[in-house]
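Here's the structure, in structure tokens; my notes come after.
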Amino acid sequence: MEILALLIPVSLALGLGGLLAFWWTLRRGQYDDPEGDSQRILRGDYDDHPKP
Amino acid sequence: MLNKGAPIMLSVPDAHCAMCISVVENDLQKMPGVKSARLNLTLRRVSVDADAGVTAAQVSERLARLGYTAFELDPGTLSTTETDRQGRDLLMRLGVAGFSMMNIMLLSVAVWSGATDATRDLFHLISAAIAIPTVAFSGQPFFRKALAGVRARRLDMDFPISLAIILATGISLYETLNGGQDAYFDAAVMLTFFLLAGRYLDFRTRAVARSAAQELAALEVPRAIRFDDTGEETVSVSDLRPGDRVLVRPGGRIPVDGVILDGTSELDRSLLTGETLPLFAGPDMVVTAGAVNLTGPLTVRVTAAGKDSSLHRLADLVAVAENARNKYTTLAERAARLYSPSVHLLAFGAFVVWMWITGGDARLAVNIAAATLIITCPCALGLAVPAVVTAASGRLFRAGLLIKDGSALERLAEVDTVVFDKTGTLTMGSPAPISLETLGRRDLEIAAALGAASSHPLAQSLAQAARDQGVVPARLTDVTEVPGHGVQADWQGQPVRLGRAAWVGAAPLEETAAYLSIGSQTPRAIAFADQLRDGAPEAVSAFQAQGKTVILISGDVPGAVGAMAARLGIADWRAEALPQDKADAIEALHAQGHKVLMVGDGLNDTVALAAAHVSISPATALDAARVASDIVLLGTSLAPLPDAQRIATRAVRRIRENFAVSFGYNIIAVPIALVGLASPLIAALAMSASSITVALNALRLK
């Protein structure tokens, strides 16, 4: 059962990592235009003229 | 309006695909002065970052050339930042609740699988350490609302929710500290998570609707040009006093009630009364606010402004009519009214009965009361309505309809009678010349040249129609516009005129027409007919196929209304209806037990729009009409309307199904909780199963 002392902090840390990632995406406004983003990934503009 | 650093915002209702993004953004980026352009497909809105010289009108024009209708928005009144902040706040609380739910569930599964003694206590303690801060942070929206409800002596859904969350957390903490067997931390956090998800969906729907209502209201700014001996200045309409003199330029809307002092012109009163025929306007004529000045500048002496004007009286009528409608209670409100007291009674009853059975074991009794509250707690109820409404308004938005009011969906589903306005709703409100071929090539060339010289809608439409036929306008000299009468010019030494019958010297026709005279020949009439709005016949016949009564009520003359009704196959029509007549007709239908959907666009429709059970107006309508209606049609076609009605009916059916589902779960789970068999595992299972069922049922909406 000693392994619990390791596993519980690890699982909590993983969860916290996810929460932080979520917080970051929220701050970057990645939920402002979900429909547009899902369409943007399909267009070829960037492939034809990659931004330098 | 000059752009001062803030991005230009335009609503682009027709944008819908990946191609649209490329086309719009690439084209706008090529526009001189534009730094960057970004199209938000979710909100159908393009924001343009540009130099100070670029105006929204230029961008709008450029988009129109690409085939996208664009409406200018005022970024100042949009206050998107406030809405964004609230949305992010809710989303953050939801994220935190989701994180804790996963971790606590991980620990709870271990407990359910048979962890005992010290291990179980340790897991409970860790759960408590995660759950208590989470509940304190994520539960705030519910606590705040419950408190506000208690202050207002009202018992809504938030009170039982808050009670369940706090009681579950409290009792679990007590049990944990005393080495008890059961802890409901997972249930408390799960409850918070599911209900926050419902709240967030609800918020998103409202935010989209609210910003849409604001952006539409931001379209028109009531301003007037006042002038006195010192010169002219632009003032707000609310600053005008009777006796002031205002200048109304051609193309402008008359801002006040008044009397014409100077100038001749023609007035388009179609939005006020539904009449399609422009009216001659000269000195001493009484004019009312809202009419559009067509050809010449007019000086108007103000007789009534602000509260006394005819516009304001109309607004009062609208307010009265709206009051009646606000009494509508939604399905969710009715469910909450039934639900809140019964849940409290049930939990309290369980507490009292178990106190009596066990002879005063408060710990067990509170445990059972808390379990009852958790199990009955409206996870499904709080998710059932927002999930369906979100799915339905998303579908309607894609069809080009914007719902401004949450209960509009339910009201739309109940409709059995549809009342249409004619001018501007079933028709485009812009007349087109008919039977041009009888005119002859030479006459048409002259008419096209004369028409191009005027800004009058009939003249413009004539010139456009001629251009479309490939007619090259004749060469004219001395072209002059006589405001209120028409245009005259010299053609190969002969005087030519295009204008009103009396001025040209022709016998006036019954229908809308312009008259052309060439030299000494007999003047010819060019008749005009209003163009049908795209999708109007389809919408009318689809509504009739659904078994709904379709009625046409217009302020226009009987001839025009009758012809339109015959063309669309509408048997029941009324003409020359005043604004109050329209509202009365709708009231009469309501009195007969019908639920009326009103579709209209004009000022004369606003009272009727507000009085109807539910109302729709096109985006091209006046702001007053759009404010009075529940749903705004963003595209130009009327075809989506019957489909929207069908979607609304299905959505309401889904909501009822969801209520039935969550009620069914309660019927099974409540007795289990009451007899004290609801372990945390059963509570968790019942809660997640019912929530997931209603969410999936909502997504079935096609």
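These protein sequence lines map, in sequence, to chains H and E.
Residue numbers for the first sequence follow the working numbering, beginning at 146 and rising by one.
Residue numbers for the second sequence follow the working numbering, beginning at 411 and rising by one.
No residue lacks a Cβ here, since even glycine has one placed at the ideal position from N, Cα and C.
DSSP places Ala428(E) outside any beta strand (DSSP E); the residue lies instead in the alpha helix (DSSP H), whose first and last residues are Ala428 to Lys440. Against Leu187(H), the close residues of chain E are Ala428, in the order they occur along the chain (beta-carbon pairs closer than 7 angstroms). Annotated three-state conformation of Thr452(E) is coil, per DSSP. Rounded to whole angstroms, the separation of the alpha carbons of Leu978(E) and Ile1057(E) is 24 angstroms. The bridge partners DSSP lists for Trp983(E) are Leu962(E).
In terms of Cβ geometry, Ile540(E) and Ser572(E) do not form a close pair [threshold 8 angstroms]. When the Cα atoms are used, Ala1022(E) and Arg851(E) turn out to be separated by approximately 50 angstroms. Under the three-state reduction of DSSP, Asn1068(E) is assigned to helix. Here the region 816-831 of chain E does not lie against the region 632-644 of chain E, with fewer than 3 beta-carbon pairs under 8 angstroms apart. For the pair Met441(E) and Glu847(E), the Cα-to-Cα distance works out to about 41 angstroms.
Counting only Cβ-Cβ distances below 8 angstroms, Gly505(E) has contacts in chain H at Leu164, Phe167, Trp168 and Leu171, in chain order. Counting only the Cα atoms, Gly1003(E) lies some 22 angstroms from Val950(E). In the three-state reduction of the DSSP assignment, Ile536(E) falls in the helix class.
Of the residues Val645(E), Val599(E) and Leu1043(E), the one whose Cα lies closest to the Cα of Ser518(E) is Val599(E). In the same chain as Ile996(E), and ignoring 5 residues on each side of it, the C-beta atoms closer than 8 angstroms to its own belong to Val829, Val1006, Met1008, Ala1018, Ala1021 and Ala1022, in chain order. Cβ atoms of Ile536(E) and Val776(E) stay farther apart than 8 angstroms, at about 23 angstroms.
Under the three-state reduction of DSSP, Val798(E) is assigned to helix.
Of all alpha-carbon atoms in Glu920(E), Ala937(E), Arg1063(E) and Leu999(E), the one lying nearest the alpha-carbon of Thr959(E) is that of Leu999(E). Here the alpha carbon of Ser927(E) sits roughly 23 angstroms from the alpha carbon of Leu677(E). Scanning chain H for C-beta atoms nearer than 8 angstroms to the C-beta of Thr452(E) yields Asp177, Asp178, Pro179, Glu180 and Gly181, reported in chain order. When secondary structure is reduced to three states using DSSP, Asp667(E) falls in the strand class.
Within 8 angstroms of the CB of Leu151(H), no CB atom of chain E is found; the nearest one sits about 14 angstroms away. Per DSSP, the continuous alpha helix (DSSP H) segment holding Tyr584(E) begins and ends at Asp568 to Leu587.
Not one beta carbon of chain H lies nearer than 8 angstroms to the beta carbon of Ser675(E).
Per DSSP, reduced to three states, the secondary structure at Gln184(H) is helical. Distances from the CA of Met838(E) to each of Ala801(E), Met765(E), Ser1025(E) and Gly1045(E) were compared; the closest alpha carbon is that of Gly1045(E). Met502(E) reaches chain H at Phe167, Trp168 and Leu171, counting residues in chain order whose Cβ is nearer than 9 angstroms. Listed by position along chain H, the residues whose Cβ is nearer than 9 angstroms to that of Leu605(E) form an empty set, because the closest Cβ is around 19 angstroms away. Annotated three-state conformation of Ile1102(E) is helix, per DSSP. Separation of the CB atoms of Leu438(E) and Arg472(E) is rounded to 7 angstroms, and the pair is thereby assigned contact status at 8 angstroms. Closer than 8 angstroms to the CB of Ser803(E) there is not a single CB belonging to chain H. Unbroken beta strand (DSSP E) runs of no fewer than 3 residues, entirely contained in the region 906-953 of chain E, are found at 923-928 and 934-942, following chain order. In this structure, Gly673(E) places its C-beta atom within 8 angstroms of the C-beta atom of Pro893(E).
Here Gly1012(E) is not near Leu650(E), since their CB atoms are 8 angstroms or more apart. At least one CB of chain H lies nearer than 8 angstroms to the CB of Arg498(E).
Neighbourhood of Phe509(E) in chain H, by CB distance below 7 angstroms: Gly160, Gly163 and Leu164, in chain order.
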